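Just below is one structure, and these are the notes that go with it.
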Amino acid sequence: MLETPLPGVTELPGVTNLLSVTDLTLGVKRSNSSTVIVDSVSFDVATGDRFGIVGESGSGKSMTLRAIANLLPVGVQVMSGSIRYNGQELVGMNRGKRRGLMGPEIAMIFQEPMTALNPVMRVGEQIAEGPRRHLGLSRKAAMDLAVSMMGRTGIPDPARRALAYPHELSGGLRQRIMIAMAISCRPKLILCDEPTTALDVTVQRQVLRLLEELCDDFGASLVFVTHDLAVVNQTCRNLAVMYAGRMVETGRVKDVFRDPRHPYTKGLLDSAPDFDQPHRPLIPIPGFPANLANRPNACAFAPRCPFVRDHCLEESPPLAPVEPGRDAACFYSDEIFKKVTV
Numbered sequence: 320m321l322e323t324p325l326p327g328v329t330e331l332p333g334v335t336n337l338l339s340v341t342d343l344t345l346g347v348k349r350s351n352s353s354t355v356i357v358d359s360v361s362f363d364v365a366t367g368d369r370f371g372i373v374g375e376s377g378s379g380k381s382m383t384l385r386a387i388a389n390l391l392p393v394g395v396q397v398m399s400g401s402i403r404y405n406g407q408e409l410v411g412m413n414r415g416k417r418r419g420l421m422g423p424e425i426a427m428i429f430q431e432p433m434t435a436l437n438p439v440m441r442v443g444e445q446i447a448e449g450p451r452r453h454l455g456l457s458r459k460a461a462m463d464l465a466v467s468m469m470g471r472t473g474i475p476d477p478a479r480r481a482l483a484y485p486h487e488l489s490g491g492l493r494q495r496i497m498i499a500m501a502i503s504c505r506p507k508l509i510l511c512d513e514p515t516t517a518l519d520v521t522v523q524r525q526v527l528r529l530l531e532e533l534c535d536d537f538g539a540s541l542v543f544v545t546h547d548l549a550v551v552n553q554t555c556r557n558l559a560v561m562y563a564g565r566m567v568e569t570g571r572v573k574d575v576f577r578d579p580r581h582p583y584t585k586g587l588l589d590s591a592p593d594f595d596q597p598h599r600p601l602i603p604i605p606g607f608p609a610n611l612a613n614r615p616n617a618c619a620f621a622p623r624c625p626f627v628r629d630h631c632l633e634e635s636p637p638l639a640p641v642e643p644g645r646d647a648a649c650f651y652s653d654e655i656f657k658k659v660t661v
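For the sequence shown, our numbering assigns the number 320 to the initial residue and increments by one for each residue that follows.
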């Protein structure tokens, strides 16, 4: 496997879904045409679960996350589908009510803190802003909570660093500030958009451990978007693989990594370093990602797939069960990945 998962990643018996995304389609509408960038995506996140979404840049994973947080870029809109959080439908919800969920119920951790943090506000004040607005705390009580959250995320001398501006802190500390902001109102769902991409390996591992511990302590669910398979393997229990705006494989992380059932998933695993097999050659995926503005009425991965057949060039395969708890969007999954028994 890519790397040994962190301790604590275990199954959750008897849980219910906190988040349900059903047939979510996102796109850009123009006067006489539209471009679909996320196509009929569906997945569930159980209470207390850690769910990963992995794929190349442009696969639609971050847009899916931003749709949940109601932070889609200008021009991108929900064209159809449902996003239900704790039984509430978010698509079409009143803007004020939707905004009220962000902080006390749903929090988001962004990829680059320097673009997400206010450069002219002290970091302690930025963390305290959420508790003051959503929890009704006084300025002093909110600042005390901010310092406490900074200490909880492992920031040394939090009272002093609460007075710092973002540019005065290292990348790892800035990311911990973002995590402290996210957990300050004890949300039930934490959305992570590649929060460890810009960090070195040592700091990355510390941040991942911290996120896991905080989710366990607070009972929060996690949706973690990344292109890094090792991060998903360390952090998440369940996984969806996205390609060209569609989900091409879903299942438990340990099952998908051990026995991929879609050629794209296999390609991702073959092109990533394997710490258990350090001398295994890396096999890159040939070609380039599909052009979403000119999406073919066929399997989007077909031009790059080593197993492509005529049927793949004529029709897009649906995401369908391949075994209990596993779905894959490949016409020939059973044949290509057939297990050989002796």
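Here a beta-carbon is modelled for each residue, glycine too, at the ideal position from N, C-alpha and C. Everything numeric in this text was worked out from a predicted model, so none of it was measured.
Problem - Reduced DSSP secondary structure (H/G/I, E/B, other) of residue 640 - result: Along the sequence shown, one-based indexing puts residue 640 at 321. Residue 640 falls in the strand class under three-state DSSP.
Practice task
Return the CA-CA distance between residue 441 and residue 460, expressed in angstroms with no decimal places.
Solution key: Along the sequence shown, read from residue 1 onward, the residue named residue 441 stands at position 122. Along the sequence shown, read from residue 1 onward, the residue named residue 460 stands at position 141. Cα-Cα distance, rounded: 16 Å.
Problem - Three CB pairs or more closer than 8 Å across the stretch 596-616 and the stretch 382-399 - result: Flag = no, the stretch 596-616 and the stretch 382-399 do not touch.
Exercise for the section: Give every residue of the same chain whose Cβ lies closer than 8 Å to the Cβ of residue 602, excluding the five residues on either side of it in the sequence, and list them in chain order. Expected result: Locating residue 602 in the sequence shown gives position 283, counting from the first residue. Once the five neighbours on either side are set aside, the close Cβ partners of residue 602 are 586, 589, 590.
Practice task
Please classify residue 379: is it buried, with 16 or more other beta-carbons within 10 angstroms of its beta-carbon, or exposed?
Solution key: Residue numbering aside, residue 379 sits at position 60 when the sequence shown is read from its first letter. Buried, by the Cβ-count rule.
Practice task
Taking the CB atoms as reference points, tell me whether residue 537 and residue 505 lie closer together than 8 Å.
Solution key: In the sequence shown, residue 537 corresponds to position 218, counting from 1. In the sequence shown, residue 505 corresponds to position 186, counting from 1. A contact, by the Cβ cut-off of 8 Å.
Problem - Cβ neighbour criterion (16 or more within 10 Å) applied to residue 559 - result: Along the sequence shown, one-based indexing puts residue 559 at 240. With 16 or more other Cβ atoms within 10 Å, it is buried.
Practice task
Per DSSP, which residues does residue 646 bridge with? Please list them.
Solution key: As a first step, residue 646 must be located in the sequence shown, where it is residue number 327. DSSP, once it has assigned bridges, lists 569, 640 as partnering residue 646.
Handout entry: Ranges of the beta strand (DSSP E) found wholly within the stretch 486-523, counting only runs of at least 3
Key = Correct list: 508-512.
Exercise for the section: Output the distance between the C-alpha atoms of residue 501 and residue 533, rounded to the nearest integer angstrom. Expected result: Here residue 501 corresponds to residue number 182 of the sequence shown, with the count starting at 1. Here residue 533 corresponds to residue number 214 of the sequence shown, with the count starting at 1. Counting only the Cα atoms, residue 533 lies some 11 Å from residue 501.
Practice task
Provide the residue span of the alpha helix (DSSP H) that contains residue 548, from first to last.
Solution key: The residue given as residue 548 occupies position 229 in the sequence shown. Note, residue 548: alpha helix (DSSP H), 548-554.
Handout entry: residue 336 versus residue 540 - alpha carbon distance
Key = Here residue 336 refers to the residue found at position 17 when the sequence shown is read from its first residue. Here residue 540 refers to the residue found at position 221 when the sequence shown is read from its first residue. Straight-line measurement puts the Cα of residue 540 at about 10 Å from the Cα of residue 336.
Practice task
Please say whether residue 551 and residue 520 have beta carbons closer to each other than 8 Å?
Solution key: Residue mapping note: residue 520 aligns to position 201 of the sequence shown, counting from 1. Residue mapping note: residue 551 aligns to position 232 of the sequence shown, counting from 1. Not closer than 8 Å, so no.
Practice task
Specify whether the stretch 424-444 and the stretch 473-492 touch according to this definition: at least 3 beta carbon pairs, one from each stretch, less than 8 Å apart.
Solution key: Taking 8 Å as the limit for Cβ pairs, the verdict is that the stretch 473-492 does touch the stretch 424-444.
Exercise for the section: State the DSSP-derived secondary structure class of residue 335, mapped to helix, strand or coil. Expected result: As a working note, residue 335 is residue 16 in the sequence shown. Of the three classes helix, strand and coil, the one that applies to residue 335 here is coil, per DSSP.
Practice task
Measure the C-alpha to C-alpha separation of residue 352 and residue 563 and round it to an integer number of angstroms.
Solution key: As a working note, residue 352 is residue 33 in the sequence shown. As a working note, residue 563 is residue 244 in the sequence shown. Roughly 19 Å separates the two Cα atoms.
Problem - Closest residue to residue 453 among 425, 490, 556 (Cα-Cα distance) - result: Working through the sequence shown from its first residue, we reach residue 453 at position 134. Nearest to residue 453 by alpha-carbon distance, out of 425, 490, 556, is 425.
Practice task
In angstroms with no decimal places, state the Cα-to-Cα distance between residue 411 and residue 363.
Solution key: Locating residue 411 in the sequence shown gives position 92, counting from the first residue. Locating residue 363 in the sequence shown gives position 44, counting from the first residue. In this structure, the CA atom of residue 411 is about 19 Å from the CA atom of residue 363.
Handout entry: C-alpha gap between residue 557 and residue 475, whole angstroms
Key = The sequence position of residue 557 within the sequence shown is 238, counting from 1. The sequence position of residue 475 within the sequence shown is 156, counting from 1. When rounded, the distance between both Cα atoms is 33 Å.
Exercise for the section: Alpha carbon to alpha carbon, how far is residue 654 from residue 495? Give it in angstroms, no decimals. Expected result: Working through the sequence shown from its first residue, we reach residue 495 at position 176. Working through the sequence shown from its first residue, we reach residue 654 at position 335. Roughly 46 Å between the two C-alpha positions.
Problem - Span of the alpha helix (DSSP H), counted from its first residue to its last, around residue 369 - result: Walking along the sequence shown from the start, residue 369 turns up at place 50. Looking at the DSSP string, residue 369 is not in any alpha helix (DSSP H); the run it does join, the beta strand (DSSP E), is 369-373.
Problem - Backbone CA spacing between residue 652 and residue 561 [nearest angstrom] - result: The residue given as residue 652 occupies position 333 in the sequence shown. The residue given as residue 561 occupies position 242 in the sequence shown. Near 16 Å, if we compare the C-alpha coordinates of residue 561 and residue 652.
Practice task
Starting from residue 655, trace the alpha helix (DSSP H) both ways and give me its first and last residue.
Solution key: In the sequence shown, counting from the first residue as 1, residue 655 sits at position 336. Counting along the chain, the alpha helix (DSSP H) containing residue 655 begins and ends at 652-655.
Problem - Residues that residue 396 bridges to, as DSSP identifies them - result: For this step, residue 396 is matched to residue 77 along the sequence shown. DSSP lists 346 as the beta-bridge partner residues of residue 396.
Practice task
Measure the C-alpha to C-alpha separation of residue 620 and residue 567 and round it to an integer number of angstroms.
Solution key: Walking along the sequence shown from the start, residue 620 turns up at place 301. Walking along the sequence shown from the start, residue 567 turns up at place 248. Distance between the alpha carbons of residue 620 and residue 567: 10 Å.
Exercise for the section: Would you kindly report the start and end of the unbroken beta strand (DSSP E) that includes residue 267? Expected result: In the structure displayed, the chain extends from 320 to 661; residue 267 sits before or after that span and is not available.
Exercise for the section: List the endpoints of the continuous beta strand (DSSP E) containing residue 358. Expected result: Translated into the one-based positions of the sequence shown, residue 358 becomes position 39. In the DSSP annotation of this structure, the continuous segment of the beta strand (DSSP E) that includes residue 358 starts and ends at 353-365.
Problem - Cα-Cα separation, residue 584 to residue 449 - result: Looking up residue 584 in the sequence shown gives position 265. Looking up residue 449 in the sequence shown gives position 130. Spanning the two alpha carbons is a distance of roughly 39 Å.
Handout entry: Sequence ranges, beta strand (DSSP E) only - wholly within the stretch 395-428, length at least 3
Key = Segments of the beta strand (DSSP E) lying fully in the stretch 395-428: 395-404, 425-428.
Problem - Pair within 8 Å by beta-carbon distance, residue 636 and residue 624 - result: Stepping through the sequence shown from its first residue, residue 636 is reached at position 317. Stepping through the sequence shown from its first residue, residue 624 is reached at position 305. Between residue 636 and residue 624, the C-beta gap is not smaller than 8 Å, which leaves the two residues out of contact.
Practice task
Have a look at the DSSP bridge pairing and note the partners of residue 341.
Solution key: Here residue 341 corresponds to residue number 22 of the sequence shown, with the count starting at 1. When DSSP reads this structure, residue 341 sits in a beta bridge with 401.
Exercise for the section: Could you pull the start and end residues of the beta strand (DSSP E) that residue 559 belongs to? Expected result: Taking the first residue of the sequence shown as position 1, residue 559 is located at position 240. From DSSP, the beta strand (DSSP E) with residue 559 extends over 557-562.
Exercise for the section: Take residue 644 as the anchor and find which of 473, 581, 342, 575 has the nearest alpha-carbon. Expected result: Translated into the one-based positions of the sequence shown, residue 644 becomes position 325. The residue with the shortest Cα to Cα distance from residue 644 is 575.
Handout entry: C-beta atoms of residue 421 and residue 443 nearer than 8 Å
Key = Here residue 421 corresponds to residue number 102 of the sequence shown, with the count starting at 1. Here residue 443 corresponds to residue number 124 of the sequence shown, with the count starting at 1. If you check the CB distance, residue 421 and residue 443 do not come in under 8 Å.
Problem - Same chain, Cβ closer than 6 Å to residue 656, neighbours up to 5 away in sequence not counted - result: In the sequence shown, residue 656 corresponds to position 337, counting from 1. Within the same chain, and ignoring the five residues on either side of residue 656 in sequence, the residues whose Cβ sits closer than 6 Å to its Cβ are 580.
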